[in-house]
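Presented below is the structure to which this report refers.
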Amino acid sequence: MKPETAHRVVMANLDWAVHFGLHRSLGAFPVEDPTQVMGIRFPNAVGLAAGMTPDGKAVSALGGLGFGFIEVGTVTPQPGVPTAEPRRFRLPSINGFIHRECGRSVDCRTMLANLKSADPFRLRGGIVGISLGHHPDTPSERILQDIQTGMEQVYRAADYLAICAHSLTEAADTEALIAGCAQQRDRLSTLTGKRLPLLAKVSPDSDNDTLKVLVHLLMQYGFDGVIATGSSEKILEEIHG
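Shown next, in the form of C-alpha cells:
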C-alpha cells in the first residue's frame, strides 16, 4: 500500500478502532509521567508533531495511542492549495518515514470545527497545541498580518501556539514578525485572561549563525520556547536526488 493511501486509511478508521480497543494490540503505551513545562502540565513527554492531523480530526483517537500532547495544523486564516503528491515517503533502511506536507492548506475555522472532537482527550489531561502559518499566496510583507489573524481565531482553543518555520524564513522582516507575534499574544492574553505559551519552529536547513540570531530574537521578545525542527528541504532533495 502506498504511504499516501495508508495515511488516509488510518485516519479514516482510527476513531472506531480506538473506540473498540483495537489499538491495544499495537504494543505498550507511554506511562503516566507528568512533567511541567511552560506552565503546562503534560501527562507525559511523548507528543505528536503537527502534520499528522493538519485539520484537527481524530485528536482524541490519536491521544488514545498514548500521546501526552498533540499539535494540529499548520493552519492559516484562509484555506490554501494542498501540497502536491507524493507527500509521504518510507525510508525502510532506517525504519523511517517522511511527511512533507508543509500544511498551510487548512483554514483555522475548519480546524476549529473538527477540534471539538478533542474534548475526550483534554478531559484525560491531554494537551493540544496549534501550529500557525501564513497563506502560501500572502506576500512577505503581509505574513505578520496573517499570523496575527490566525492567532486571534484559534487562541481560545489552544493550550500553546507554534509559529511555522516557513513564516519565519519567508517574512520580509523576521524581527518585526517575532515582535508582532509577541505583541499579539500579549493583547490576547489581556483580552481572554489566559496567557498561552508561544513557540517558534526553526528550519533544520538553517546555518548556525542564522539559528543564533533567531534564538536571540525569540528570547528578546519573550517567546517561551523553540520547536526543533520544522520541515527540511535538503532531505527531500536527497530522497529525490
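Our numbering puts the first residue of the sequence shown at 954, with every later residue one more than the last.
For every residue, glycine included, the Cβ atom is placed at its ideal position computed from N, Cα and C.
Option in the options with minimal Cα separation from residue i
i: leucine 1076; options: Asn966, Asp1090, Arg994 and Val1179; result: Arg994
i: proline 987; options: Glu957, Phe1020 and Val1012; result: Phe1020
i: glutamine 1101; options: Asn997, Leu1114 and Ile1080; result: Leu1114
i: glycine 1086; options: Gly1033, Gln1136 and Ile1051; result: Gly1033
i: valine 1025; options: Ala1135, Ala1066, Asn997 and Leu1121; result: Ala1066
i: histidine 1119; options: Thr1163, Val1155, Arg1109 and Ala1111; result: Val1155
i: alanine 959; options: Phe1042, Ala1002, Gln1031 and Phe1022; result: Phe1042
i: threonine 1182; options: Ser1084, Val990, Gln1173 and Val963; result: Ser1084
i: glutamate 1094; options: Gln1106, Arg1062, Leu1130 and Phe1074; result: Leu1130
i: valine 1107; options: Ala1014, Asp1139, Ala1132 and Asp1060; result: Asp1060
i: cysteine 1117; options: Ser1046, Ala1002 and Ile1051; result: Ala1002
i: glycine 1000; options: Lys1010, Leu1018, Ser1159 and Ala1011; result: Leu1018
i: isoleucine 1080; options: Thr1063, Ile1023 and Leu1141; result: Ile1023
Local conformation of residue i per DSSP, three classes
i: phenylalanine 1074; result: helix
i: alanine 1124; result: coil
i: lysine 1154; result: strand
i: glutamine 989; result: strand
i: alanine 1066; result: helix
i: glycine 1086; result: coil
i: alanine 959; result: helix
i: glycine 1043; result: Per the sequence presented here, residue 1043 reads as arginine, with glycine not at that position. It is a strand residue.
Inter-residue spacing [alpha-carbon to alpha-carbon] between residue i and residue j
i: histidine 1169; j: glycine 1078; result: 33 Å
i: leucine 1151; j: glutamine 1098; result: 17 Å
i: proline 956; j: proline 1045; result: 12 Å
i: threonine 1027; j: proline 1089; result: 12 Å
i: valine 962; j: lysine 1010; result: 13 Å
i: glycine 1004; j: proline 1092; result: 23 Å
Minimum Cβ-Cβ distance from residue i to chain B less than 8 Å
i: glutamate 1123; result: No chain B is present in this structure, which holds just one protein chain.
Anticipated Cβ contact below 8 Å, residue i with residue j, distance rounded
i: glycine 1175; j: alanine 1135; result: 5 Å
i: glycine 1103; j: threonine 1006; result: About 17 Å; that fails the 8 Å criterion.
Using 8 Å as the threshold, is the segment 1067 to 1074 in touch with the segment 1125 to 1143, meaning 3 or more CB pairs across them? no
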